[in-house]
Amino acid sequence: MTPGLRALAITIHSALATAILAVTITPAAAHHVGAYVPKDNAVTINFKQVKFSVQARKFDVALRLFEAGALRAEMRAHAATLPAGLEDETRAALATSDGPEVERRLMIFFAALARDLALEADRRLAETGGTAESRAATGRKFLEAIWRYYNLVDFAVATRDNKTSVAVRLAFDEAETYVKPATGATAPADPARLRPPLQRIAQVLSTLIEASSTQARRNS
Amino acid sequence: MTVAAEPHPWHVPPRWVLLVAVLSIVCAEVGGASMARFKVELTRWARDAMLARPAVHGLVGVRDVDERILDEALVKFDAGLRLFHMHAEGMGLVIIATTMVAATVARAGAARRVIIALLTTGGAGYPVGYLVWSALIPAYGLEQAKTIAEWLVWIPFGSATIVALWWLTGLIAVRMLRP
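Chains as they are written, first to last, in the working numbering: chain V, 893 to 1112; chain W, 30 to 208.
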């Protein structure tokens, strides 16, 4: 082997050794473990079925889906915290093919679910105990659940009461900033500050439910 | 008519290497079949184990919140089994291909033995990490289970494969420069 080739071989070996050290750490720590895409639950699936049937003006189908589906069962389960007669009035609106009224009743229902979750989250966060991280994680999970329900009716809320929609969104955005895990330069999660926006969400949605229920009764 | 001899015939890797590779593929097939056959039982077991450890999984006792947490954990539990099936199948073939290249390209000696050993153990061990991850999810939660699987299996065995592959690449580069 000529001296030139030997030097080249040594250079290649050195470069490879450095590359091996550099590349083994990174890919070894980045394993593919799949991605999770949140799925609809029985209530949100049934809501979408009813909503699309109403939009297609297939009220008989929507009524059948409502009567046999999880939406009605959930309304019964939450009857204590819902405006009186919500289930019967929703069924009546479906039976009379009154699309806007069905939308209003379902909006009230999901707003009530989101409000109850916000109240429960606030109650949990008021309890002492647990680390800031674990409480922030709990807050984050509640926020996800609140958004999953509220997001379904946000358009209906915005078309009827834009200020409420904006208020809920702003409060939600604020709440999210307090439960984000610390990364790099960002501040660590601060679950104590999460309570005011949660209370605001609950209060704004309570007002919406009250106003919409009263209006719905007046129209009927 | 005469047949010209091939200038660089491929060398078969040692028998134990082929045995490990075939075993890896067999495990992948058995794992895949079991996953399909016992899907309901596995899901039920994982769900019960998770419900028995609410603190580990951050369950709060509110159905609307917990169902999403359980669903994500069950999806990842299932993904771990699927990824084991897929990786064990693929890595079995990777072991055969790469050790064949090593047996052909590397000169007989310690270097060749080490490269083949690293490729075989790394290739056979890495997919087991997915099985470990999946099995630990119900007891330790998503992140803790991932960390254990990483340090116990993925990093050592994955690194072994990567080191061996780069080493082999270097040897091929050198062989190309001075045939």
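A virtual CB, placed ideally from N, CA and C, is assigned to each residue, including glycine. Here the structure is a predicted model, which is why all the values come from computation and not from measurement.
is_contact[residue i, chain V] using C-beta, thresh 9 Å
i	result
W:VAL91	yes
W:ALA112	One point to set straight first is that residue 112 of chain W is Leu, not Ala, in the sequence displayed. Chain V contact via Cβ: present.
W:VAL49	no
W:GLY60	no
W:LYS68	no
W:MET30	Summary for W:MET30: the model assigns pLDDT 49, below 50, so the residue's position carries little reliability, and this model does not support an answer.
W:VAL94	yes
W:TRP162	yes
W:GLY87	yes
Minimum Cβ-Cβ distance from residue i to chain W less than 9 Å
i	result
V:PHE1034	yes
V:LEU1086	no
V:THR1090	Residue identity differs from the one stated: residue 1090 of chain V is Leu in this sequence, not Thr. Output row for V:LEU1090: interface = no.
V:ALA1094	no
V:LEU861	Outside the displayed span of chain V (893 to 1112) sits residue 861 of chain V, for which this structure offers no information.
Residue nearest to residue i in terms of C-alpha spacing, selected from the options
i	options	result
V:ARG983	V:ALA1094, V:GLU995, V:THR973	V:GLU995
W:GLU144	W:ALA78, W:LEU197, W:PRO38	Note that residue 144 of chain W is Ile in the sequence shown, not Glu. Per the Cα distances, W:LEU197.
W:ASP100	W:VAL192, W:ARG141, W:LEU171, W:PHE67	W:LEU171
V:ALA972	V:PRO1083, V:ARG949, V:VAL1060, V:ASP1008	V:ASP1008
V:LEU1086	V:LEU986, V:ILE1101, V:ARG1016	V:ARG1016
W:VAL157	W:MET205, W:VAL94, W:HIS116, W:ALA137	W:HIS116
W:VAL55	W:LEU122, W:VAL69, W:LEU80, W:ILE184	W:LEU122
V:ASN933	V:ASP980, V:GLY961, V:THR1020	V:GLY961
V:LYS1033	W:LEU80, W:ALA57, W:ASP93	W:ASP93
V:ALA1013	V:ALA1004, V:LEU1062, V:GLY1022, V:ILE1038	V:ILE1038
V:SER1026	V:ASN1054, V:ALA1084, V:ALA987	V:ALA1084
V:GLU1066	V:ARG949, V:ILE1093, V:MET967	V:ILE1093
V:GLN947	V:ASP1082, V:ASP990, V:ALA1018, V:ARG964	V:ASP990
V:ASN938	V:ILE1000, V:ALA954, V:HIS970, V:ALA1028	V:ALA954
V:THR936	V:GLY926, V:ASP952, V:LEU963	V:LEU963
W:ARG111	W:GLY187, W:PRO42, W:VAL182, W:MET64	W:MET64
V:GLU1036	V:ALA1010, V:ASP952, V:ALA1048, V:MET999	V:ALA1010
V:GLU1068	V:ALA1028, V:VAL942, V:ALA976	V:ALA1028
W:ASP95	W:PRO83, W:LEU160, W:LYS105, W:PHE67	W:PRO83
W:GLY90	V:HIS970, V:THR1030, V:ASP1082	V:THR1030
W:GLY199	W:LEU181, W:LEU52, W:ARG141	W:ARG141
Every unbroken alpha helix (DSSP H) within the segment 73-102 of chain W, with a cutoff of 4 residues, ordered by chain:
Entirely contained in the segment 73-102 of chain W, the alpha helix (DSSP H) runs reaching 4 residues are, in chain order, 83-86.
Return the chain-ordered ranges of every beta strand (DSSP E) run that is complete within the segment 1027-1112 of chain V and spans a minimum of 3 residues.
You should have found no qualifying run.
Could you tell me which whole alpha helix (DSSP H) segments of length 4 or greater appear in the segment 96-164 of chain W?
Whole alpha helix (DSSP H) segments, 4+ residues: 139-154.
Selection of the segment 924-949 of chain V by Cβ proximity to chain W, strictly under 8 Å
Of all residues in the segment 924-949 of chain V, HIS924, VAL925, GLY926, TYR928, PRO930, LYS931, ASN933 have a Cβ within less than 8 Å of some Cβ in chain W.
Members of the segment 1009-1022 of chain V near chain W, C-beta cut-off 7 Å:
Result list: LEU1009, GLU1012, ARG1016.
Check each residue of the segment 1024-1054 of chain V: if its Cβ is closer than 8 Å to any Cβ of chain W, include it; give the result in chain order.
SER1026, ALA1029, THR1030, LYS1033, PHE1034, GLU1036, ALA1037, ARG1040, TYR1041: these are the residues of the segment 1024-1054 of chain V whose beta carbon lies less than 8 Å from some beta carbon of chain W, given in chain order.
Can you give, in chain order, each stretch of the beta strand (DSSP E) that sits fully within the segment 975-1014 of chain V and has at least 3 residues?
Counting whole runs of 3 or more residues, the segment 975-1014 of chain V contains no beta strand (DSSP E) stretch at all.
Contact set between the segment 97-108 of chain W and chain V, restricted to residues whose Cβ is under 7 Å from the partner:
Within the segment 97-108 of chain W, the residues whose Cβ lies closer than 7 Å to some Cβ of chain V are ARG97, ILE98, ASP100, GLU101, VAL104, LYS105, ALA108, listed in chain order.
Only counting runs of 4 or more residues, tell me where the alpha helix (DSSP H) segments fall wholly within the segment 921-968 of chain V, in order along the chain.
Correct list: 934-947, 951-960.
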